[in-house]
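Chemist: Residue numbering for the sequence shown follows numbering that gives the first Met the number 0, starting at 0 and increasing by one per position.
Note that the Cβ used here is the ideal one computed from N, Cα and C, for glycine as well.
In this text, all values refer to a predicted model and were calculated from it rather than measured experimentally.
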Amino acid sequence: MADQQQVPEKHLPIVHRYITTHDADGRPTFETGVREEIDFERTPLGSDMFLAYSATEFPAALGHDSDLKTYNEHLVNKPESFMIPGGFVSRYIDYHPGAAPLWHRTITLDFAIVIEGQIQLELESGEKRILKKGDVAVQRGTNHAWSNPSKTEFARVFYVALDAKPPVVNGQELSESLGVVSHK
């Protein structure tokens, strides 16, 4: 895990989030009740995170700005897990240089798109891939870990995690796990 005191200054672009909606007359407009500039939160896991959008159901309920109200609640009271059962989460994660991997399995279908730097995806089998800027990984409920192989540069990844039905292997339904890996 990267020491919080020794994390170098981050030189990544500022991220803005633009949310569209409709005015009272049904015309498309931009939502003005949510700040457009994103503030990342430092975590003890060697990363900075920001919840870009979320909903408690999918398909999302857009009527009466129901999804927007839920997202505003999630900005104040963060979801307790990586995932919201029945819904979805999209987030940015900035991985600190040399941050240690965190092993986990979520029962989700995830899309991870590298925005800046490089990120390593390691599977419980020991297989590894280095993803570079513009690459995408489709993570399908496997036990895995993300890590930043650079000792000097941050890596930024944008994730979309959709709730999913658990994978079944050899007749056994797999469950979520955090910090557990069998090959090491």
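1. Mind checking N76: buried by the 16 CB within 10 Å criterion, or exposed?
2. Take the Cβ of H10 as the centre, count every other Cβ of all protein chains shown within 10 Å, and call the residue buried at 16 or more, exposed below.
3. Measure the alpha-carbon distance for Y186 versus S89 and round it to whole angstroms.
4. For the region 51–108, which segments carrying the beta strand (DSSP E) assignment without a break, of at least 3 residues, lie completely within its bounds, in sequence order?
5. Does the distance from the C-beta atom of D13 to that of E36 stay below 8 Å?
6. At 4 residues or longer, what runs of the alpha helix (DSSP H) sit wholly inside the region 102–149?
7. Does the distance from the C-beta atom of V156 to that of A111 stay below 8 Å?
Modeler: Let me lay it out:
1. Counting the other CB atoms within 10 Å of its CB gives N76 a total below 16, which places it among the exposed residues.
2. Counting other Cβ atoms within 10 Å of its Cβ, H10 stays below 16 and is therefore classed as exposed.
3. No information on residue 186 is available, as it lies outside the stretch 0 to 183 that the chain covers here.
4. Along the length of the region 51–108, whole beta strand (DSSP E) runs at least 3 residues long occupy 87–94, reported in chain order.
5. Note on identity: in this sequence residue 13 is Ile, with Asp being the wrong assignment. Cβ atoms of I13 and E36: closer than 8 Å.
6. Fully enclosed alpha helix (DSSP H) runs of no fewer than 4 residues are not present anywhere in the region 102–149.
7. Going by C-beta atoms, V156 is nearer than 8 Å to A111.
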